[in-house]
Amino acid sequence: MPGRLWRLPLAGAVALLLGVGFGRYVFTPLITPLVEAGWFTAEQTARLGAINLLGYLLGAAGANRYAGWLGPRRAIASCLVALVISLAACAWPWGMVGYGFWRLIAGAAAATLTIVVTPAIMARMPEARRPAASATIFTGIGVGTMGVSLIVPWLADVGVAATWLATAVVGAILAWVSWVGVWRYLPAEAAAGDEPVAHASAATTPWLIIGLVLVAYGLSSAGYVPHSLYWVDYIARELDRGSQAGNHYWLLLGFGGVIGPLLGGVAARGVGFAWALVAAFVLMTLATALPLAFVGPVGLSLSSLIVGAMVPAIITLTAGTVHALSPAARQRQIWGWATLSFATTQAIGGFAMARLYVVADSYATTIAVGAAILLVATICALFGAIGARLSRAGA
């Protein structure tokens with residue numbers, strides 16, 4: 010069994026590939042075809058994107074309780090099935106209510122997988138293998154985003170319904186692959202977050218520093234909303250480059266997601282988690298703002314690649330920073346707060362950005378606001394890193 014444990018992180022990567030890459034991000038390159046086919050207006054697709062983020066928030070808030078009720082294996086299985094059904098259901102033009110329901114389900118299932126899969130697998134891995142296992146799991150998000158960017162353009166001319174059904178078929182295969190690994194190598198009793206939480210002394214916990222990191226992490230999700238929801242449609246219609254160009258840049262963003270966890274790990278080994286996190290925020294802020302000044306191929310390519318890479322890098326580096334700052338008894342609890350902060354700010358940012366788009370009638374405005382939010386997040390991360398260094402010096 011120990012020699013085959015590498016299959017468990019791969020199963021986790023496939024779960025996130027389906028949950029986040031397909032369940033969440035398949036909608037982004039489909040916005041333009043949905044509008045052009047007359048299924049929804051651009052304003053309605055913006056609201057549907059926000060509803061998906063609301064589902065992610067609901068899933069993040071209830072994931073640990075859900076896994077405790079069903080156990081991790083059944084929770085993972087139910088989310089995999091729900092995602093496949095939601096993909097297939099979107100092949101029919103239900104209208105805003107019906108479509109919104111299925112996008113809500115997809116978001117909730119994606120968040121639940123993100124929260125339940127990772128700690129359950131990491132608890133099973135030997136300590137020496139955990140860094141590589143973590144990078145493997147989160148790489149699934151970028152691979153899924155790349156897969157979506159390849160499938161959608163290929164099927165776009167066939168029709169919206171055919172595209173959704175094709176992603177559902179691929180999703181069913183991915184769900185089966187993930188489930189085989191989870192069922193064989195994850196014990197039924199290895200529930201996520203079921204360990205008793207001891208009470209660490211408040212005096213030994215740098216709550217202010219941790220709070221700054223959590224605020225920065227939460228704000229990063231709001232700053233990422235324009236790229237995660239509107240990037241393809243912004244390039245295709247607002248910049249008038251066409252759907253093919255939009256999907257090309259979405260592919261670059263997905264490729265960034267594949268290399269991001271590795272880059273974050275290399276940076277953390279060089280300068281430490283906290284300062285690597287600051288560097289990631291600086292790069293993401295600049296890359297988000299880049300299209301405001303440069304909308305040529307180089308500017309759009311760099312923005313796609315760097316933003317795509319920094320999102321999973323920030324997730325990895327925030328987890329490492331929280332681990333370094335928190336007492337062992339509090340680490341799982343504080344990481345849960347971080348995830349909830351991320352999901353809450355993302356949902357609020359999604360609805361706010363959708364409203365902003367309606368008012369401004371411009372995706373460029375949402376990109377500018379996203380960059381401003383990321384600037385604030387960068388400042389919070391910087392003060393957190395300075396506080397962490399002073400705290401270590403004082404100890």
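The sequence shown begins at 10 in my numbering and counts up one residue at a time. For glycine and all other residues, C-beta sits at the position ideal for the given N, C-alpha and C.
For Pro128, the uninterrupted alpha helix (DSSP H) segment begins and ends at 105-133.
By the beta-carbon neighbour count (other beta carbons within 10 angstroms, threshold 16), Val125 is buried. The Cβ atoms of Leu26 and Gly180 lie no closer than 7 Å to each other.
Between Ile376 and Pro300, the gap from beta carbon to beta carbon is short of 7 Å. Three or more Cβ pairs closer than 8 Å define a contact, and the segment 266-283 meets that threshold against the segment 305-322.
Positions of the beta strand (DSSP E) runs, each at least 3 residues long and wholly inside the segment 303-361, cannot be given because no such run exists. By the neighbour-count criterion, in which a residue is buried when 16 or more other Cβ atoms sit within 10 angstroms of its Cβ, Phe303 is exposed. About 6 Å separates the beta carbons of Gly379 and Val234, which is inside the 8 Å limit, making them a contact pair. In the three-state scheme derived from DSSP, where H, G and I count as helix and E and B as strand, Val35 is classed as coil. Within the segment 260-304, the runs of alpha helix (DSSP H) at least 4 residues long that lie entirely inside it are, in chain order, 282-298. Scanning Gly329, Gly58, Ala165, Tyr65 for the CA closest to the CA of Phe360 turns up Gly58. Per the Cβ contact rule, the segment 348-364 is in contact with the segment 227-246 (3 or more Cβ pairs under 8 Å). The count of Cβ pairs closer than 8 Å, one atom from the segment 248-263 and one from the segment 394-401, stays below three, leaving the stretches out of contact. Annotation: Ala100 is outside any alpha helix (DSSP H) and is labelled neither H nor E by DSSP. Under the three-state reduction of DSSP, Pro81 is assigned to helix. One alpha carbon belongs to Trp185, the other to Val90, and they sit about 9 Å apart.
Short of 6 Å from the beta carbon of Ile40, and not among the five residues preceding or following it, lie these beta carbons of its own chain, in chain order: Thr54, Asp242.
The Cβ atoms of Ala277 and Ala285 lie closer than 7 Å to each other. The three-state reading of DSSP puts Pro18 in helix, counting H, G and I together. Residue Trp344 holds the alpha-carbon nearest to the alpha-carbon of Val224 among Arg133, Gly77, Val280, Trp344. Rounded to the nearest angstrom, the gap between the Cα atoms of Ser313 and Leu365 is 22 Å. Secondary structure of Ser87 (DSSP, three-state): helix. By the CB criterion at 7 Å, Val191 and Ile94 fall outside the cutoff.
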